[in-house]
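Chemist: Just so we're aligned, residue 146 is where the sequence shown starts under the numbering used here, counting upward by one. Positions of the beta carbon are idealized from the N, C-alpha and C atoms, including for glycine. Since the structure is predicted, the reported quantities are computational estimates derived from the model, not experimental observations.
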Amino acid sequence: MLVSLVLAAPAVWAQTPDAAAAEVAKELASALQRGVGSLESHAIVLTPFAAPDNDPVAVRWAAKLGQLLVRDHGAQLIDREALKAVLAEASLLQSAGGEIAEATLKEIALGFGAKGMVTGSLRHTGDSYVVEARAIRLQDGVLLTASTAQFVVDGAEEPLESRSLTVQLRRMADRLSQGLEQLDGELRYQRVAILPFQEVGPSTQDKQLGTLVSSVITTVLVKDHNLLVVERSQLAKVIDELALGQTGLVDESKTLEVGRLAGAQGLVIGSVSEAGDRYLVSARVVSVGTGQVVLAEETQLPAADMVALSSEAVVLRTRAGAVYRSLLLPGWGQIYNRQPIKSATFVGTEVAAFAVAAVFHLRGTGFHDDYRSKKAGTPQLVLDDLVAKEESSYSMRNWMIIAGLAVHAFNVLDAFISGRTFDTADFTVNGSSATIRF
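(1) With DSSP run on the structure shown, which of helix, strand or coil describes Ser432?
(2) Taking all protein chains shown into account, do 16 or more other C-beta atoms lie within 10 angstroms of the C-beta of Gly478, making it buried, or fewer, making it exposed?
(3) Distance, Cα to Cα, Pro485 vs Val202?
(4) Measuring only the C-alpha atoms, how far is Leu237 from Arg405?
(5) Could you say which of Asp319, Glu185, Val190, Arg205 lies nearest to Arg216 if we only look at CA atoms?
(6) Quick one, which of Leu191, Gly346, Val181, His187 has its alpha-carbon nearest Ala170's?
(7) With a CB to CB cut of under 6 Å and the five nearest residues on each side skipped, what residues in its chain are close to Ala294?
(8) Tell me Glu419's beta-bridge partners as DSSP assigns them.
(9) Between Ala489 and Gly476, how many whole angstroms is the CB-CB distance? I'm expecting something under 8 Å.
(10) Among all the DSSP beta bridges, which residues are the ones paired with His269?
(11) Looking at the strands, I want to know which residues DSSP matches up with Val263.
(12) Taking all protein chains shown into account, decide if Tyr424 is buried (16 or more other Cβ within 10 angstroms of its Cβ) or exposed.
(13) Under 7 Å, do Arg336 and Val298 count as touching if we go by C-beta distance?
(14) Could you give the distance in angstroms between the alpha-carbon of Val532 and the alpha-carbon of Leu507?
(15) In this structure, does DSSP put Gly258 in helix, strand or coil?
(16) Give me whichever residues DSSP pairs with Thr444 in a beta bridge.
(17) Ignore the nearest five residues each way along the sequence and tell me which others in Ile384's own chain have a CB closer than 7 Å to its CB.
(18) In terms of alpha-carbon separation, which member of Val439, Arg179, Ala207, Asp319 lies closest to Val287?
(19) Under 6 Å Cβ to Cβ from Gly564, same chain only, skipping five residues before and after it: list those, please.
(20) Using CA atoms only, rank isn't needed, just tell me which of Val365, Ser538, Ile339, Ala548 is closest to Gln379.
(21) Within the segment 340 to 405, note down every full beta strand (DSSP E) run reaching 3 residues or more, in order along the chain.
(22) With Ile223 and Ala188 assumed to form a contact (beta carbons below 8 Å), what rounded beta-carbon distance in angstroms separates them?
(23) Name the DSSP bridge partner or partners of Gly211?
(24) Would you mind working out which of Glu172, Phe342, Tyr334, His553 sits nearest Tyr469, comparing C-alpha positions?
(25) Under a Cβ-count criterion, where at least 16 other Cβ atoms within 10 Å of its own Cβ denotes burial, should Gln437 be classed as buried or exposed?
(26) Mind checking whether Ser418 and Val345 have CB atoms under 7 Å apart?
(27) Could you check if Val452 is buried or exposed, using at least 16 other CB atoms within 10 Å of its CB as the buried criterion?
(28) Report, in whole angstroms, the separation of the C-beta atoms of Ala420 and Ile362, which I expect to be a contact under 8 Å.
(29) Across which residues does DSSP place Ile414 in a beta bridge pair?
(30) To the nearest angstrom, how far is it from the Cα of Lys352 to the Cα of Asp369?
(31) Whole angstroms is fine: what's the gap from Gly300's alpha carbon to Asp272's?
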């Protein structure tokens, strides 16, 4: 009875997403090698898998499949952005089981020099996803293999990653990219303006979390999606010209004007607001031409992680901020620029210069008091010696003051040279914490 139950069990077993991707990649690579030859010498087309409503889990799984085909099996995949343009023209984004015309396959092969194609779909059924992937030889349209797998995204096993700042912000940026693709024209030729997110609440404003979140999203859209993003400095000039602040950016008509003046076709706007032990991040993709909101996204981020990230965020630091601080206190600008050794050097040198100046001033004052205390009949030679020592001490005091001021001026100049104003931020994860870097 037990044996019969095992034999009767379904051939598709639920597994982790990575395990399912590895299994499917292995089967597809094996079939492609048999059907078209070495994957290292023949280009392969990997089409976006059909998925309901651009399900982010499905999108990430398909991307993982592509990574494994390249990393583990040496596949030469066609450039994704170039492929998306041709697929849109050829209407090749079909659901699983749809017939792919031989003429269409030949068109792709001629255009990219590809020998094989991987296509398929993902369906969300209950708590699991079912994958159907196919490998096709483009020369004659022969189906080389059809691979099926099933995986489960276990909410109990994924909370750390799903709650991670890095993962959450990347996912939001990925979904915003999908919204930007709905704009008229080819996305890779469009300019996108990402405005600083509105900061709602004193804590949010104090830590400049709107600027931080919008900068991270900018980085993901630029680096992961190759989008043309309007530079932050250019946006700042436009906002200044229109005399808009945080309150002005709430008015959507004014944000559209910012987009038009910046030469952007799409806008990403949003807000960060306090919500107890979390921060609520809302973002929208708006068409500059029509003013239509094409996508709205929302996510919640742990307050503790956001505060920690803000304290390390170089994106919030500017050259002007460094100069201002160095003007007030020696070395403060270097601390602001994350250069503690320089800071200690400037502080030590300037303090030493003024300390020595104080010593010489006290010496000069002492010689002056001695001179005034001398009574009549004191030899002129003694008096002249006291005057000479007083003048020498005051002269050294003046030179040390000049030296201290020169060190302070150089400290300001160094803060300006070493300081930077950033347009994008890069962020990495170390353990469970995220850090902004440039």
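Modeler: On the basis of the supplied data:
(1) Under the three-state reduction of DSSP, Ser432 is assigned to strand.
(2) By the beta-carbon neighbour count (other beta carbons within 10 angstroms, threshold 16), Gly478 is buried.
(3) Distance between the alpha carbons of Pro485 and Val202: 43 Å.
(4) Only weak support exists for where Leu237 lies, its pLDDT of 44 falling under 50; the value from the coordinates is given anyway. Their backbone Cα atoms lie some 34 Å apart in a straight line.
(5) Residue Glu185 is the option with its Cα nearest to Arg216.
(6) Closest by alpha carbon: Leu191.
(7) Within the same chain, Ala294 has close Cβ partners Ala165, Glu168, Val169, Val276.
(8) Tyr424, per the DSSP bridge assignment.
(9) Their Cβ separation, rounded to whole angstroms, is 7 Å, which keeps Ala489 and Gly476 in contact under 8 Å.
(10) Bridge partners of His269: Tyr274.
(11) Paired residue(s): Leu191, Ala280.
(12) Buried, since its Cβ has 16 or more Cβ neighbours within 10 Å.
(13) Val298 is positioned such that its CB atom lies no closer than 7 Å to that of Arg336.
(14) So the alpha carbons of these two residues sit roughly 14 Å apart.
(15) In this structure, DSSP gives Gly258 a state outside helix and strand, which the three-state scheme calls coil.
(16) Its beta-bridge partners are Val426.
(17) For Ile384, same chain residues with a beta-carbon under 7 Å away, outside a window of 5 residues either side, are Val403 in chain order.
(18) Ranking Val439, Arg179, Ala207, Asp319 by Cα distance to Val287 puts Arg179 first.
(19) So the qualifying residues of the chain are Arg464, Ala467, Asn482.
(20) Per the Cα distances, Ile339.
(21) Whole beta strand (DSSP E) segments, 3+ residues: 343 to 345.
(22) So it is a contact: roughly 6 Å between Cβ atoms.
(23) None; Gly211 has no bridge partner.
(24) Of Glu172, Phe342, Tyr334, His553, the smallest CA-CA separation from Tyr469 is found for His553.
(25) Exposed.
(26) Contact flag set, yes.
(27) Exposed is the call here.
(28) Actually they are not in contact, since the Cβ atoms of Ala420 and Ile362 sit about 19 Å apart, beyond 8 Å.
(29) Answer by DSSP bridge pairing, in chain order: Arg429.
(30) Near 26 Å, if we compare the C-alpha coordinates of Asp369 and Lys352.
(31) Per-residue confidence for Gly300 stands at a pLDDT of 48, beneath the threshold of 50, marking its modelled position as unreliable; the derived number appears in the next sentence. One C-alpha to the other measures close to 10 Å.
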